[in-house]
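Just below is one structure, and these are the notes that go with it.
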Amino acid sequence: MSYTLDSNILINLVQRYPRDIFPGIWDSIEESVAQGDSCISQAVHREVDRGGDDLHEWADDLPGFVCLVTDEELATVAEIGAAHPGWVQGQLNEADPFVVAHAKHESSTVVTEEKRKGPGTHDKNLKIPNVADEHEVEVLKFFDYVRREGWSF
Numbered sequence: 001m002s003y004t005l006d007s008n009i010l011i012n013l014v015q016r017y018p019r020d021i022f023p024g025i026w027d028s029i030e031e032s033v034a035q036g037d038s039c040i041s042q043a044v045h046r047e048v049d050r051g052g053d054d055l056h057e058w059a060d061d062l063p064g065f066v067c068l069v070t071d072e073e074l075a076t077v078a079e080i081g082a083a084h085p086g087w088v089q090g091q092l093n094e095a096d097p098f099v100v101a102h103a104k105h106e107s108s109t110v111v112t113e114e115k116r117k118g119p120g121t122h123d124k125n126l127k128i129p130n131v132a133d134e135h136e137v138e139v140l141k142f143f144d145y146v147r148r149e150g151w152s153f
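Just so you know, the sequence shown maps onto residues 1 to 153 in the UniProt record's numbering.
If you want it as C-alpha cells, here you go:
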C-alpha cells in the first residue's frame, strides 16, 4: 500500500503531535517513507515551505519523500482545473489537484483531514475527497492511515 500525504497531515504533525512528545509517530512515518510507501507531491512541499518552521527541512532530509511531478500528473491537474475552474484560488487549494493527480497515477491512497462536501458544492468549496472520488482515488484520515499500517504508540 502506498500513500500520498496532504499538507494538513504534516502541519498537524507539528501542531498536534510534536516530535519531542510523540517520537513514535514521526519515526513510523519516516520508516514508511524509507520503504517507499509514503510521499508528498512537490506542490505540498512548496505549501509546507510557507509555514516558516522546520517542516520543510525535515521533508527535504527524507530521501524519496518529495515526489517529482510527472507529465501524466500535469495532464490530470489540467483536467481537474478544467472540470473545477474555481477550486484553486491563488495559494488556496494550490496543492490539492497535485495531491489527487499524484495518487491517481501512483495508485496510492490520499491521506488528508479534509471532509467531503455534499452534492452541488461550488468549486471554490470543494475538498480533496470530492475530486478524488471523480478520479477513483481512495482517501483516508490520518488515524485510518495509522491503523491500516498497524502502528500503535
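Note that the Cβ used here is the ideal one computed from N, Cα and C, for glycine as well.
Original post:
When the Cα atoms are used, what is the spatial distance from K115 to L92?
Top reply: 16 Å
Original post:
Rounded C-beta distance between D6 and V110? I'm assuming under 8 Å.
Top reply: 6 Å
**OP:** Could you spell out the range, first to last residue, of the beta strand (DSSP E) harbouring I40?
**Re:** S38 to S41
Original post:
If we count the other Cβ atoms within 10 Å of its Cβ and call it buried at 16 or more, is F142 buried or exposed?
Top reply: buried
Original post:
Going straight from the alpha carbon of Y17 to that of H105, what length do you get?
Top reply: 30 Å
Original post:
L74 lies in the alpha helix (DSSP H); which residues open and close that run?
Top reply: D71 to A83
Original post:
Between D53, W26, V14 and L68, which lies nearest to I40 when the distance is taken from Cα to Cα?
Top reply: L68
Original post:
Can you tell which of K124, I11 and K117 has the C-alpha that lies nearest to the C-alpha of D54?
Top reply: I11
Subject >> 8 Å Cβ cutoff met for V100 and V146 >> reply: no
Original post:
Should E73 be labelled buried (16 or more other beta-carbon atoms within 10 Å of its own) or exposed?
Top reply: buried
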